[in-house]
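Working notes, beginning with the structure itself.
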Amino acid sequence: RHIPVVVVSSDGQRLRGLRMGAFGYLQKPTSVSQVTEALADINRFIEQPKKNVVVIEVDEAVRDRIVSVVAGPDVAVTAVTSGDDALAALRTEPGASVVMDLTLPDMTGLALLQRIKQQEVLDDVPVIVYAPEELSAEDEAQLKHLGDHGIVKLVRSPAGLLGESSLFLHLAEADLSGLDLKDWQFD
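For the sequence shown, my numbering assigns the number 6 to the initial residue and increments by one for each residue that follows.
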């Protein structure tokens, strides 16, 4: 899980590979220069001193708990409380992953997801939606639709949050949270 992998395939399932945690995807036929660039991208990622995560959550206590799950010595976390602040952070945090709630003060979480996915430079940003509560059927359908066009994962537990975060950060779970997640729940 924590080793960056580039999928080289002719099946046209780029998003599927990225959702499963691939670092990159090349469509066959590929050139030597494409493979070289993909390997250079992996090297740049590995050499980053810290991986970036933007956490978007209004409730301070929940935000602090989410940060405690995804934080680690190799992770820089930027915590924000609004959609506009999240977009600003994503513009300045190269290669960031996102962990977010769907309830924001300035826009809905779904509207923020749409804005992220409409920007070409942010289109491949992995987004983890943390929603321990039940979503409406309409929200579930919209989230699924957005997931069909980008890397969007819905998680409902701290363990799921840890697992998906480690997948997209290409870090071992042990390198993230030192927390014992057994019996640990968000309120």
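Cβ coordinates follow ideal geometry from the N, Cα and C atoms, glycine included.
query, result
"For the pair the region 136-146 and the region 84-100, tell me if three or more CB-CB distances fall below 8 Å.", "no"
"Find out if the Cβ-Cβ distance for the pair Y135, M105 is shorter than 9 Å.", "yes"
"Skipping 5 residues on each side, what residues in its chain have a beta carbon closer than 8 Å to that of F28?", "P9, V10, V11, D46, I47, F50 and H175"
"Would you mind listing the beta strand (DSSP E) stretches within the region 52-135 that are 3+ residues and don't spill past its ends, in chain order?", "56-61, 80-85, 102-105 and 132-135"
"Below 6 Å CB to CB, which residues in the same chain sit around G17 once its five sequence neighbours on both sides are set aside?", "none"
"Taking C-beta to C-beta, are K33 and V63 nearer than 9 Å?", "no"
"Taking the beta strand (DSSP E) that S200 belongs to, which residues open and close that run?", "In this structure the chain extends from 6 to 192, so residue 200 is not present and cannot be described."
"Quick check: the region 58-73 against the region 37-46, are there 3 or more CB pairs under 8 Å?", "no"
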